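The listed protein sequences derive, respectively, from chains A and B. Numbers in the working numbering are just positions in the first sequence, counted from 1, shifted up by 480. Numbers in the working numbering are just positions in the second sequence, counted from 1, shifted up by 1105. Report on the structure given below.
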Amino acid sequence: MVKTLTDLILSSILLTSLVVLVSTSSNLIWLSSMNLPMDFNLVTSTFLSDIIGIYFNSEIPLYLLISLPFVLFLSITKALLKKTLSSPIFLYSLAGAISMLCLMILTPMALDNLEPISGSRTYIGKLCITACGIFSGYFFAVRQLKINLNENS
Amino acid sequence: MKILKSLLISIFFLLSPVSSAGNEVNYEYSIIAEGLDRPWSIAVVDDSNIIFTELSGNLRQIKNGKLLDPVIGVPEVLFKGQGGMSGVVLDPDFKKNKKLYLAFSARDEGKRTNTLKVISAILSNNQLINIKDIFKAYPSRDTALHYGAKMTFLEDGTLLITCGDGFNYREEAQSLDNHFGKILRINTDGSIPEDNPYVNNPNALSEIWSYGHRNPQGILRYNGNILGLEHGPMGGDEVNVIEPGNNYGWPAITYGRDYNGSTISPFTEMEGMEQPIKYWVPSIAPSGIMLYDKNLFPDWKGNVFISSMKPGNVRRLEMNGTEIINEYILFNDLSRIRDIAVLPNGSILLATDGSGGELINVQPK
């Protein structure tokens, strides 16, 4: 239970960081297209600043908005896996993807089309954020499989 | 320990750029209208005749000191998010022609999108007649945020209109092929002045006067200059001196961050983009701007006043030309203040925000 909880938290942190990476990247790409000077230090410090900012300097708790549907879908999948023989890696990855799609579809519907994740305003951005959900779900699945292997051996 | 604490507090106040010192003017409030539904913008006819908008879609009048029922014949607005009946400005000849201008969000017929519209109309016996559409922002949006929707007249009789970036469309503020994040200049019949800065640029919309704005919620003619009040993101509220054709940088340069804590731009300056004469970090959520040019509060004459909603007060800016010398906080015992105006007799009018909003008159005690 504690290990699963730890995995959920780690996967959520990974997902939030990846979503921030997508938003920051799309932002910096646009700024670069406006001829604003980019260098390695600036890109790195912006990424770090955004990850810190999203947790400690935000008026909208975006990390909660991202983590809650993700944790919910992973928990449902975990319950489903007790009754099905499907591949956990596939199902957790799918759950991660669906959670992000739900987030990107339902949040604007609830907020008068406002997009709180700036990186999700384009189709490419939406695709990347869905991929973040898949990867984070996969990460969770792999860790869960390791726990199961350790418990069985 | 106590001495150290007192010393630190004294140092803080000595170093603080915002001061309550210099505010030794005694004043009192009197409520002139209450129970209002999100009062948004005020236009003053004279001391006892005031016109104002309510975001929910009303235009209202205080006539001879008495609050009338909502004006009838007002166009239907989209009342959603920050959208609704927003800006009102009187024609320079209002006393003769009873003409006024309204800026509001309107739903596109048969569509899920909406846009900023400006109309002219004649106010006759608490009714709007001769309504004419004079501006419609292009393209439409699917959000109900960041309309700007404030107006002022230039000396030549042309009308400046602020148009916000629509929140989701912030990058569009840097493109000249749309109205997002722009200040626009039109004639009062809706035509485009021939001397607008981009009138000969085939890739730009001819109404554009300046660009690179986020959500300009105030615009003021001030001693031959135009001051634009920019409602920034989390931090980065600004006062700019607006010049035709200039780029004010949003969102390529900004002093603010996104509400979710992420960076909008790591840059605060860039060649070809204008710097504000004042910015606030953290935000004060500015909502309205006025010049105090009367004598009732002689110490405040020539100062620029900015109403703010966070936490709810008025910033009095002592000016030297377009340079801000000092900033003082006033009226911080009220709630969020949505707009500010001065009456001909020199008293100050404040509109408090939200349902149950009030119009409050401030005069010397």
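Just so you know, even glycine gets a beta-carbon here, dropped at the ideal spot from N, CA and C. Model, not experiment: these values are computed from the prediction.
- Excluding five sequence positions before and after A:G613, the CB atoms of its chain that fall closer than 6 Å to its own CB belong to G576, A577, S579, M580, given in chain order.
- For B:E1428, the enclosing beta strand (DSSP E) has its first and last residue at 1428 to 1435.
- Separation of the CB atoms of B:D1270 and B:R1319 is rounded to 5 Å, and the pair is thereby assigned contact status at 8 Å.
- 8 Å or more divides the Cβ of B:D1196 from the Cβ of B:L1448.
- Not one beta carbon of chain B lies nearer than 8 Å to the beta carbon of A:S512.
- A direct Cα-Cα distance of roughly 21 Å separates A:L498 from A:D519.
- When the Cα atoms are used, B:G1354 and B:L1455 turn out to be separated by approximately 31 Å.
- The beta carbon of B:K1415 sits no closer than 8 Å to any beta carbon of chain A.
- For B:D1444, DSSP records a beta bridge to B:A1456.
- Listed in chain order, the positions of the stretch 516 to 534 of chain A with a beta carbon within less than 7 Å of a beta carbon of chain B are L516, L522, T526, S529, D530, G533, I534.
- Listed along the chain, the chain A residues whose CB falls inside 8 Å of the CB of B:S1370 are N507, L511, L516.
- In the DSSP assignment, B:M1339 forms a beta bridge with B:R1362.
- Between B:I1429 and B:I1382 a beta carbon distance of about 6 Å is seen, short of the 8 Å cut, so the two are scored as contacting.
- At a cut-off of 8 Å between C-beta atoms, B:S1367 counts as an interface residue with respect to chain A.
- In terms of beta-carbon proximity, B:N1273 lines the interface with chain A, with at least one pair separated by less than 8 Å.
- Residues of chain B with a Cβ closer than 7 Å to the Cβ of A:R601 are, in chain order, N1273.
- Within the same chain, and ignoring the five residues on either side of A:K606 in sequence, the residues whose Cβ sits closer than 6 Å to its Cβ are M584, S600.
- Secondary structure of B:G1186 (DSSP, three-state): coil.
- The beta carbon of A:T496 does not come within 8 Å of any beta carbon belonging to chain B, so the residue lies off that interface.
- In the DSSP annotation of this structure, the continuous segment of the alpha helix (DSSP H) that includes A:V523 starts and ends at 520 to 536.
- D1247, T1248, A1249, L1250: these are the residues of the stretch 1241 to 1252 of chain B whose beta carbon lies less than 7 Å from some beta carbon of chain A, given in chain order.
- Within chain A, the residues whose beta carbon sits less than 8 Å from that of B:A1357 are L511, M514, L516, listed in sequence order.
- Contact between A:A611 and A:S573 is ruled out by a C-beta separation of about 10 Å, above the 8 Å threshold.
- For B:K1171, the secondary structure class from DSSP, reduced to helix, strand or coil, is strand.
- Chain B has a Cβ within less than 8 Å of the Cβ of A:L542.
- A buried status is given to A:S598, since no fewer than 16 other beta-carbon atoms sit within 10 Å of its beta-carbon.
- Below 8 Å, too few C-beta pairs join the stretch 585 to 592 of chain A and the stretch 622 to 633 of chain A to call them touching: fewer than three.
- The Cβ of A:V482 sits no closer than 8 Å to any Cβ of chain B.
- A contact is defined here as three or more CB-CB pairs under 8 Å, and the stretch 490 to 505 of chain A meets this definition with respect to the stretch 1359 to 1379 of chain B.
- Excluding sequence positions up to five before and after B:N1231, its CB lies within less than 6 Å of the CB of L1173, V1176, all in the same chain and listed in chain order.
- Taking 8 Å as the cut-off, the Cβ atoms of B:I1389 and B:D1342 count as close.
- When the beta-carbon positions are compared, B:V1182 and B:F1157 stay at least 8 Å from each other.
- A:T564 is classed as exposed because its beta carbon has fewer than 16 other beta carbons within 10 Å across all chains shown.
- Of the residues assessed, B:G1329 falls on the exposed side of the cut-off, its CB having fewer than 16 other CB atoms within 10 angstroms.
- For B:K1203, there is no enclosing beta strand (DSSP E), as DSSP marks it with neither H nor E.
- If you look at A:A559, you'll find it in the alpha helix (DSSP H) that goes 542 to 561.
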